[in-house]
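The sequence shown lines up with residues 16 to 95 when you count with my numbering. C-beta: ideal position from N, C-alpha, C; glycine also. What follows is one structure encoded as structure tokens, with my remarks underneath.
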Amino acid sequence: MDLSKILGRNIRHFREELGASQEEIAFRAGMNRAYLSDVERGERNPTVQVVGRLAKALGVSPAELFRDLSERPGKRSQGA
16 MDLSKILGRN IRHFREELGA SQEEIAFRAG MNRAYLSDVE RGERNPTVQV VGRLAKALGV
76 SPAELFRDLS ERPGKRSQGA
């Protein structure tokens, strides 16, 4: 799986864990909801600054957004 897809899946995962909408996370990160939707689908390649803002909005480290969640203990595979 490419990094754009991993990033998008992780953003969605952490957003859903928080019980937050795309609109809420986009607002916290200072971006448009449609842009966040594109990132979650792996259709956009955000800048490092955008990844940092998204990580802060989600309460995780930027590195965590690129980690393959299927490699985490106790987590089931996110698919390939």
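Query: Contained beta strand (DSSP E) runs [length at least 3] in the region 32-94, N- to C-terminal order; Result: none
Query: Cβ shell of Arg91 (< 7 Å), same chain only, five flanking positions each side left out; Result: Confidence is the limiting factor: at Arg91 the pLDDT is only 45, short of 50, which leaves the residue's position unreliable and the question unanswerable from this model.
Query: Selected residue, minimal CA-CA separation from Val75, among Glu32, Arg59, Ser19; Result: Glu32
Query: Close Cβ partners of Asp83 (< 7 Å) along its chain, the five nearest in sequence each way excluded; Result: Ile21
Query: Beta-carbon proximity list for Ala78, same chain, < 7 Å, skipping 5 on both sides; Result: none
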